[in-house]
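J.:
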Amino acid sequence: MCLENNIFEEVKDIILGLSSVNLSNINVTGETKIFDELGISSINFVVMIAEIEDKFNITINLEDVDVLKLNQIKSIVELVEKTLEIEKAED
230 MCLENNIFEE VKDIILGLSS VNLSNINVTG ETKIFDELGI SSINFVVMIA
280 EIEDKFNITI NLEDVDVLKL NQIKSIVELV EKTLEIEKAE D
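Count along the sequence shown from 1, then add 229; that gives the number in the numbering used here.
1. Given a cut-off of 8 Å on the beta-carbon distance, is the pair leucine 313 and phenylalanine 285 in contact?
2. Output the distance between the C-alpha atoms of methionine 230 and aspartate 293, rounded to the nearest integer angstrom.
3. Kindly list the residues whose CB is nearer than 8 Å to the CB of leucine 291, restricted to its own chain and excluding five residues on each side of it in sequence; keep chain order.
4. Excluding the five sequence neighbours on either side, which residues of its own chain have a C-beta within less than 7 Å of the C-beta of lysine 303, listed in chain order?
5. Alpha carbon to alpha carbon, how far is asparagine 254 from glutamate 319?
6. Is the separation between the beta-carbon of valine 309 and that of valine 240 shorter than 8 Å?
7. Please return the same chain residues whose Cβ sits closer than 8 Å to the Cβ of leucine 206, not counting the five positions on each side in sequence.
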């Protein structure tokens, strides 16, 4: 399994763990909307970011991100990938 798929699966698992809806009838993909389809609340969004930071040992500065664009799983995965690249380049 490639790194991108690992990141997607890890992020998806974190998000699904915070979801407030019955997931049995939802096909979760990169296009899945975390607020509308998965019921992620604003508080759970903050928890999600903290869990992602812990999981990937990164720091996500939400002041530098348009939070409204982080409405799909794929956009969060892209943010994680970008942050990992930046932090790797800084080492």
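Don't be surprised by glycine CBs; every beta carbon is placed ideally from N, CA and C.
T.: Looking at the atomic coordinates:
1. For the purposes of this step, residue 313 is identified with residue 84 of the sequence shown, where counting begins at 1. For the purposes of this step, residue 285 is identified with residue 56 of the sequence shown, where counting begins at 1. Cβ atoms of leucine 313 and phenylalanine 285: closer than 8 Å.
2. Locating residue 230 in the sequence shown gives position 1, counting from the first residue. Locating residue 293 in the sequence shown gives position 64, counting from the first residue. Residue placement at methionine 230 cannot be trusted, given a pLDDT of 46 that sits under 50; the coordinates are not used to answer.
3. Locating residue 291 in the sequence shown gives position 62, where the first residue counts as 1. Contacts found: Ile278.
4. Taking the first residue of the sequence shown as 1, we reach residue 303 at position 74. Correct list, in chain order: Gly259, Glu260.
5. Locating residue 254 in the sequence shown gives position 25, where the first residue counts as 1. Locating residue 319 in the sequence shown gives position 90, where the first residue counts as 1. Each residue's alpha carbon lies about 42 Å from the other.
6. One-based indexing of the sequence shown puts residue 309 at position 80. One-based indexing of the sequence shown puts residue 240 at position 11. Between valine 309 and valine 240, the CB-CB gap stays under 8 Å.
7. Given that the chain is displayed from residue 230 to residue 320, the structure contains no residue 206 and the question cannot be resolved.
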